[in-house]
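For the sequence shown, this note's numbering gives the first residue as 336, with consecutive numbering after it.
Below is one structure, written out as structure tokens, with a few remarks after it.
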Amino acid sequence: MARPVNEVSTGDIEATRYDDLSFEGAHGRVGVTLFIPSIRQIAIQGEPDLVVPYSSGWGEGLGAARTACEGLVKAANVMAATIEYPRKRVAVSDILPFRTAVLGEVIRHINDNTMYAGTTVVAGYSRGTAPARLAATEHADLVTGVALVAPTWFEREVNPRELAARGLAESAHSISRASWFDRIALVGASVRLAQEMLAHPFELRDDIAAISQEGAADLQTVLDSGLRVGVVAGRQDELCELPGIRGVIEALERRDSVDYREVDSDHFSYFLHPKPLRVVADLVNRLGAPD
Numbered sequence: 336m337a338r339p340v341n342e343v344s345t346g347d348i349e350a351t352r353y354d355d356l357s358f359e360g361a362h363g364r365v366g367v368t369l370f371i372p373s374i375r376q377i378a379i380q381g382e383p384d385l386v387v388p389y390s391s392g393w394g395e396g397l398g399a400a401r402t403a404c405e406g407l408v409k410a411a412n413v414m415a416a417t418i419e420y421p422r423k424r425v426a427v428s429d430i431l432p433f434r435t436a437v438l439g440e441v442i443r444h445i446n447d448n449t450m451y452a453g454t455t456v457v458a459g460y461s462r463g464t465a466p467a468r469l470a471a472t473e474h475a476d477l478v479t480g481v482a483l484v485a486p487t488w489f490e491r492e493v494n495p496r497e498l499a500a501r502g503l504a505e506s507a508h509s510i511s512r513a514s515w516f517d518r519i520a521l522v523g524a525s526v527r528l529a530q531e532m533l534a535h536p537f538e539l540r541d542d543i544a545a546i547s548q549e550g551a552a553d554l555q556t557v558l559d560s561g562l563r564v565g566v567v568a569g570r571q572d573e574l575c576e577l578p579g580i581r582g583v584i585e586a587l588e589r590r591d592s593v594d595y596r597e598v599d600s601d602h603f604s605y606f607l608h609p610k611p612l613r614v615v616a617d618l619v620n621r622l623g624a625p626d
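Right, here's the structure in full:
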């Protein structure tokens with residue numbers, strides 16, 4: 336379990352640390368938790384060079400986002416930040432602009448107002464890939480690259496009810512296919528998804544509707560801004576399936592302009608299973624590497 340950065344003792348040298356970087360934004364209080372490698376990890380691998388703001392995925396609670404960031408910190412030796420968005424009711428059409436604006440505030444806040452300013456690579460997962468793309472492009476002066484994990488690019492139009500059903504079915508299939516060790520983490524992910532649906536039914540309903548209305552993004556615009564772009568897709572992902580993602584990549588002017596990787600992962604295992612996590616970690620480091 337991560338420990339506050341100012342409360343780590345000599346007995347906690349292997350504990351991932353975190354710092355509270357929360358601030359008042361244009362839409363209200365923005366919760367930001369920056370996870371930092373352990374003292375032992377830094378002694379072995381060196382000081383982290385990258386800061387990775389994390390744009391969370393569909394049905395992913397704050398606890399799950401923190402788990403993903405802690406995993407990324409350990410696998411990539413980076414600093415990763417989770418975001419708790421201000422609680423407010425927004426129309427379906429405003430969800431994407433709202434999250435994009437808050438993520439942009441976080442990017443600028445970390446770089447302008449904290450001691451953690453450095454090379455920034457934005458990571459987005461599932462629903463979080465859209466605001467990750469847009470915020471990174473809007474703040475290209477501060478961002479080096481953007482990693483898109485399981486982007487919500489569908490081969491055909493998907494209605495909210497179908498998308499919700501696919502998400503629940505995917506979580507059940509993930510558990511049935513997993514090893515006993517992996518099932519522990521996947522059951523936790525499924526429970527968190529159910530908790531989100533029960534605790535925030537209207538917000539999640541609107542969220543699903545916003546995703547289903549989102550078409551394939553114009554990645555060429557992102558590339559034209561000078562940002563490095565990487566994409567990770569899962570062969571067993573039944574929610575954000577390969578055909579839709581491949582279609583966007585293949586439509587680019589230059590296919591090789593995007594670092595595209597496919598991994599053996601379902602929709603819930605990119606940051607939970609060691610193998611896909613290593614691929615994501617390697618991608619993030621490559622996107623942030625010096626020229």
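Backbone N, C-alpha and C fix where the C-beta goes; we use that ideal spot for every residue, glycine too.
From the DSSP output, in three-state form, read off residue i for me.
| i | result |
| --- | --- |
| ILE348 | coil |
| ILE510 | For ILE510, the pLDDT reaches just 48, beneath the cut-off of 50, and the residue's location in the model is therefore unreliable, although a value from the coordinates is still provided. Helix, per DSSP. |
| ARG424 | coil |
| ARG563 | strand |
| ASN620 | helix |
| ALA337 | coil |
| THR435 | helix |
| TYR353 | strand |
| PHE516 | Legend: pLDDT at PHE516 = 48, less than 50; position of this residue unreliable, value from coordinates given subsequently. Reduced to three states, the DSSP call for PHE516 is helix. |
| ALA551 | Legend: pLDDT at ALA551 = 45, less than 50; position of this residue unreliable, no value from coordinates given. |
| THR449 | coil |
| ALA465 | helix |
| GLU573 | coil |
| PRO625 | coil |
| GLU440 | helix |
| ARG589 | coil |
Look up residue i in the DSSP assignment and give the residues it is bridged to.
| i | result |
| --- | --- |
| ALA470 | Paired residues: none, contrary to the question. |
| SER390 | GLY459 |
| PHE358 | VAL365 |
| VAL487 | One detail in the question is off: residue 487 reads as Thr in this sequence, not Val. None; THR487 has no bridge partner. |
| LEU558 | DSSP output for LEU558 lists no bridge partner at all. |
| LEU612 | Answer is none; LEU612 lacks a bridge partner. |
| LEU385 | THR454 |
| ALA568 | GLU597 |
| PHE603 | PHE603 is not bridged to any residue. |
| ILE371 | ARG352 |
For the beta strand (DSSP E) that residue i lies in, which residues bound it at each end?
| i | result |
| --- | --- |
| ASP594 | 593-598 |
| GLU419 | 414-419 |
| LEU483 | 478-484 |
So residue i and residue j are supposed to be a Cβ contact under 8 Å. How far apart are they, rounded?
| i | j | result |
| --- | --- | --- |
| ALA399 | ALA485 | With a Cβ gap of about 14 Å, ALA399 and ALA485 do not count as contacting. |
| LEU407 | VAL614 | That pair is no contact at about 12 Å. |
| VAL478 | THR455 | 5 Å |
| ALA482 | LEU622 | 6 Å |
| ALA350 | VAL387 | With 8 Å as the limit, ALA350 and VAL387 do not qualify as a contact, their Cβ atoms being about 19 Å apart. |
| THR464 | THR435 | Wrong, their Cβ atoms sit about 11 Å apart, outside the cutoff. |
| ASP572 | ASP601 | 6 Å |
| ILE418 | VAL365 | 7 Å |
| THR368 | PHE606 | Contact doesn't hold; Cβ gap of about 16 Å is too wide. |
| VAL566 | ILE580 | 7 Å |
List the endpoints of the continuous alpha helix (DSSP H) containing residue i.
| i | result |
| --- | --- |
| THR402 | 397-411 |
| GLY579 | 577-585 |
| ARG375 | 374-380 |
What I want to know is whether the C-beta of residue i ends up closer than 8 Å to one or more non-hydrogen atoms of the ligand GDP.
| i | result |
| --- | --- |
| ILE379 | Looking at this structure, you won't find the ligand GDP or any other ligand, since it has none at all. |
How about the region 468-486 and the region 424-442: do they share at least three Cβ pairs that are nearer than 8 Å?
-> yes
The region 584-593 touching the region 376-386, judged by at least three CB pairs closer than 8 Å = no
Does the region 588-598 come within contact of the region 448-465, defined as at least 3 CB pairs closer than 8 Å?
-> no
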